[in-house]
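Numbering of the sequence shown is given in UniProt numbering, commencing with residue 1 and proceeding in unit increments.
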Amino acid sequence: MGEAPAFLVEDLKSNLTNSFHLKSKGCETAVDIGCNRTYVIGDPKCESLAVRVFDKSTNEWLFPIVLGTKPKASRGHSAVLLDQDRVLVIRGDTSSEDGFWFLEVNTAFVREHKARLGTEVVAWSKGVIGEAEKPIVISGPSGVGKGTLIAKLMEEFPSMFGFSVSHTTRAPRNNEQNGVHYHFRERGAMEKDIDGGKFLEFAAVHGNLYGTSVEAVDVVAEKGKRCILDIDVQGARSVRASSLEAIFIFICPPSFEELEKRLRARGTEVEEQIQKRLRNAKAELEQGASPGLFDHILSARIDCWFCVCDPILELVHVPVIGEKIVMKCGAAEQET
Ligand SMILES: Nc1nc2c(ncn2[C@@H]2O[C@H](COP(=O)(O)OP(=O)(O)O)[C@@H](O)[C@H]2O)c(=O)[nH]1
Ligand SMILES: Nc1ncnc2c1ncn2[C@@H]1O[C@H](COP(=O)(O)OP(=O)(O)O)[C@@H](O)[C@H]1O
């Protein structure tokens with residue numbers, strides 16, 4: 001943590017040579033992040049912690065688009081610049097679970113959205129104390145077995161894992177339920193929500209839009225479970241660039257032929273879609289192996305559930321004692 005460059009808005013006023021006025025009621029803090037920018041957090045009139053930016057070079061107030069869930073206003077708070085990218089905000093008069101927040105002012109995630117929206121952007125993320133239950137991001141080409149793997153983890157450990165239900169513009173498959181497998185949306189509605197800052201990440205995949213809403217991850221965390229995200233490689237990259245700390249796992253097939261076989265055997269896509277997904281798989285497999293993106297690469301060997309489940313359970317410290325993990329494979333319950 002750096003020195004404390006945060007100070008009360010009253011101090012900000014005396015530091016300025018221009019004529020803007022700020023009435024501090026103890027609910028506002030100002031954080032100078034350099035580059036002539038001062039972020040003022042809080043506004044006694046607002047129910048959530050509002051953010052505005054004072055640009056000292058132009059003497060103008062800027063009102064950024066705010067991404068992420070906003071913390072509720074509290075009786076006073078402190079704000080400290082952690083690095084040049086994030087401000088730690090500690091809310092007063094509140095429980096520790098809801099006390100720590102990060103305001104991202106210049107992270108890669110914020111810079112990406114600034115460039116896309118062409119305006120000032122900030123993003124809130126909630127801080128977690130102690131042993132953070134890091135979410136697990138699972139990526140891999142279509143048909144490799146991500147959905148099957150996640151379903152098995154959820155079935156075997158329902159109190160431990162929760163699935164982040166993504167939004168998509170893709171049409172539902174026969175066995176898919178709205179709100180369970182995906183939130184199925186019209187493109188226009190989803191684009192509106194993306195512009196409204198409701199998404200942690202989103203990407204165009206195989207010709208459709210897919211995205212993880214902030215709420216989808218929050219819902220799982222609120223139940224005290226570890227969140228599993230099934231997202232593509234672009235989405236994984238976006239999450240990496242955000243302040244959400246996660247474990248990134250890439251699932252690869254034992255061979256390209258086996259991948260094609262699984263995709264065809266699933267029988268959910270028409271030939272044109274299968275071809276598109278196989279073409280995309282080549283690029284995804286290359287990107288999956290690119291350094292620095294994934295923490296672990298696991299091979300989904302044929303019918304070998306524990307080949308992928310056991311390493312994941314070990315990563316999240318579920319004791320895997322040799323052959324003692326019970327996984328249901330097909331009809332028979334097998335103690336391996
Ligand atoms: N970026 C991103 N990708 C997603 C999301 N949800 C699903 N995906 C990815 O979209 C791709 C297509 O998913 P889907 O149509 O369900 O096909 P499947 O991979 O063959 O099961 C997969 O690579 C998923 O991992 C999301 O919220 N964000
Ligand atoms: N390890 C595996 N060995 C053999 N078949 C598998 C394996 N994992 C998944 N499958 C089968 O492959 C198909 C695609 O799996 P799925 O979980 O839908 O993939 P994804 O979610 O990655 O697109 C399904 O029919 C599934 O039963």
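Glycine included, every Cβ here is placed at the ideal spot set by N, Cα and C.
Computed from a prediction, not measured in an experiment: that's the story for all the values here.
Rounded straight-line distance, which links the Cα of residue 308 to that of residue 153: 10 Å
To the nearest angstrom, report how far apart residue 243 and residue 228 are at their CA atoms. 16 Å
How would you label residue 257, buried or exposed, when you count the other beta carbons within 10 angstroms and need 16 or more for buried? exposed
For the stretch 120 to 127 against the stretch 263 to 283, do three or more pairs of beta-carbon atoms, one drawn from each stretch, fall closer than 8 Å, so that the two count as touching? no
Residue from 65, 269, 33, 184 with nearest C-alpha to residue 195: 65
Buried or exposed: where does residue 71 fall if 16 or more other Cβ atoms within 10 Å of its Cβ makes it buried? buried
By DSSP's criteria, residue 180 is part of a beta bridge. Which residues make up the other side? Looking at the DSSP assignment, residue 180 forms no beta bridge with any residue, so it has no partner.
Can the beta-carbon of residue 77 be found less than 8 Å from the beta-carbon of residue 42? yes
Touching by the beta-carbon criterion (3+ pairs, under 8 Å), the stretch 73 to 93 and the stretch 103 to 116: yes
Which runs of the alpha helix (DSSP H) fall wholly inside the stretch 86 to 130 and span at least 4 residues, in chain order? 108 to 117
Hey, residue 134 and residue 245 are a contact pair by Cβ (cut 8 Å); roughly how many whole angstroms apart? 5 Å
Among all the DSSP beta bridges, which residues are the ones paired with residue 252? 299
Would you mind working out which of 143, 186, 291, 286 sits nearest residue 268, comparing C-alpha positions? 143
Within the structure, which residues are defined as neighbours of ligand 2 by a Cβ-heavy atom distance below 5 Å, reported in chain order? 142, 143, 144, 145, 146, 147, 148, 262, 266, 300, 302, 303
Count the other CB atoms, across all protein chains shown, that sit within 10 Å of the CB of residue 168; report buried if there are 16 or more and exposed otherwise. buried
Residue 57 and residue 73 look like a contact to me (Cβ under 8 Å); what is the Cβ gap, rounded to whole Å? Residue 57 to residue 73, Cβ: 29 Å. No contact.
Please classify residue 69: does DSSP put it in a helix, a strand, or coil? coil
Give the range of the alpha helix (DSSP H) segment to which residue 227 is assigned. Unbroken run through residue 227 is the beta strand (DSSP E), 226 to 230; no alpha helix (DSSP H).
Select from 158, 214, 201 the residue whose C-alpha is nearest the C-alpha of residue 368. In the structure as shown, the chain starts at 1 and stops at 336, and residue 368 therefore has no counterpart that could be examined.
Note the first and the last residue of the continuous beta strand (DSSP E) segment covering residue 204. 199 to 205
Put residue 343 into one of helix, strand or coil per three-state DSSP. Absent from the structure is residue 343, since the part of the chain shown begins at 1 and ends at 336.
State yes or no: is the C-beta of residue 242 nearer than 7 Å to some heavy atom of ligand 1? no
Beta-carbon gap between residue 54 and residue 40 smaller than 8 Å: yes
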